[in-house]
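Every number in our numbering is 179 more than the matching position in the sequence shown, counting from 1. No residue lacks a Cβ here, since even glycine has one placed at the ideal position from N, Cα and C.
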Amino acid sequence: MAELHLIGQIVGGSGFEQRRLFCTWGLHAGEGAHGTRGGTRGVTGVTGVTTPLAVSPGGAWKLLSGLRSGQTQVDEPQAGDVAFWCHPLDVHFATKGLQGWPQLHVQVWHQDGFGRVSVLGYGFCHVPAAPGCHALSCVTWRPRGPWRERLRQRLLGGGPQLRGPPEAAGASERFRLHTEAAGTVHLQLGVLLRHFGRFGVEC
Numbered sequence: 180m181a182e183l184h185l186i187g188q189i190v191g192g193s194g195f196e197q198r199r200l201f202c203t204w205g206l207h208a209g210e211g212a213h214g215t216r217g218g219t220r221g222v223t224g225v226t227g228v229t230t231p232l233a234v235s236p237g238g239a240w241k242l243l244s245g246l247r248s249g250q251t252q253v254d255e256p257q258a259g260d261v262a263f264w265c266h267p268l269d270v271h272f273a274t275k276g277l278q279g280w281p282q283l284h285v286q287v288w289h290q291d292g293f294g295r296v297s298v299l300g301y302g303f304c305h306v307p308a309a310p311g312c313h314a315l316s317c318v319t320w321r322p323r324g325p326w327r328e329r330l331r332q333r334l335l336g337g338g339p340q341l342r343g344p345p346e347a348a349g350a351s352e353r354f355r356l357h358t359e360a361a362g363t364v365h366l367q368l369g370v371l372l373r374h375f376g377r378f379g380v381e382c
């Protein structure tokens with residue numbers, strides 16, 4: 180089988196309205212990589228926070244080592260608007276084919292002084308298919324409610340959020356939503372490929 184090894188980090192996030200930010204992430208490979216409803220579920224971490232996690236029954240991708248999902252610590256920038264997490268990623272996959280190439284899904288959350296959390300943005304990016312070191316910027320978005328809900332969000336916090344992770348990935352689902360741009364998550368990924376040449380793939 181061919182092997183894909185990812186080593187890197189979620190550096191941080193910038194351009195978000197709030198401070199005291201943290202990020203949940205999940206790697207989707209195989210059938211779950213395209214946002215299908217049947218192949219995705221969530222894992223609960225902090226109270227009220229669901230970490231996206233892909234489950235790929237019968238898919239070509241197998242996790243050899245590392246974690247499929249996780250959560251960073253909370254960071255409150257003292258200067259500027261960049262929250263630094265420097266959260267490590269180290270994942271090793273084996274695969275029988277190229278279909279369902281891994282995607283990294285992220286959700287950025289805000290934690291207020293009372294410990295309440297609210298989602299600020301959803302986003303995803305494809306894992307690079309070329310070996311080497313890559314600097315990625317994952318642009319995020321969030322649902323946009325009517326003006327009354329936006330006023331309530333500004334005064335009391337909170338806001339609309341998705342019922343489940345599939346809607347964040349599937350373009351067909353997003354077309355039915357009113358959304359607005361949020362901030363950007365910055366990543367550094369090192370990609371190592373092995374035995375892809377045996378399957379006719381030039382690296």
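query: Secondary structure at G187, three-state DSSP: helix, strand or coil?
result: strand
- prompt: Which residues in the same chain have their Cβ closer than 6 Å to the Cβ of K241, if we skip the five residues on either side of it in sequence?
  reply: A273
query: Can you tell me where the beta strand (DSSP E) with A314 in it begins and where it stops?
result: 311-322
C-beta atoms of V364 and C317 nearer than 8 Å: yes
- prompt: Near I186, which residues of its chain fall below 6 Å by C-beta distance, leaving aside the five closest residues on each side in sequence?
  reply: D269, G369
Three-state secondary structure assigned by DSSP to F195: coil
task: Within the same chain, show all residues whose beta-carbon is closer than 7 Å to that of Y301, passing over the 5 residues directly before and after it, in chain order.
output: Q286, T319, W320, R321, L341, A347
- request: Pull up the DSSP beta-bridge partners for W240, would you.
  value: T274
- prompt: In three-state DSSP terms, what is F247?
  reply: The displayed chain sequence assigns Arg, not Phe, to residue 247. Looking at R247 - three-state DSSP - the assignment turns out to be coil, as it is neither helix nor strand.
field: Proximal residues to T226 (C-beta, below 7 Å), its chain only, five neighbours per side dropped
entry: Reliability of the predicted coordinates at T226 is poor, the pLDDT of 48 falling under 50, and no value is obtained from them.
task: Identify whether F293 lies in helix, strand or coil by the three-state DSSP scheme.
output: coil
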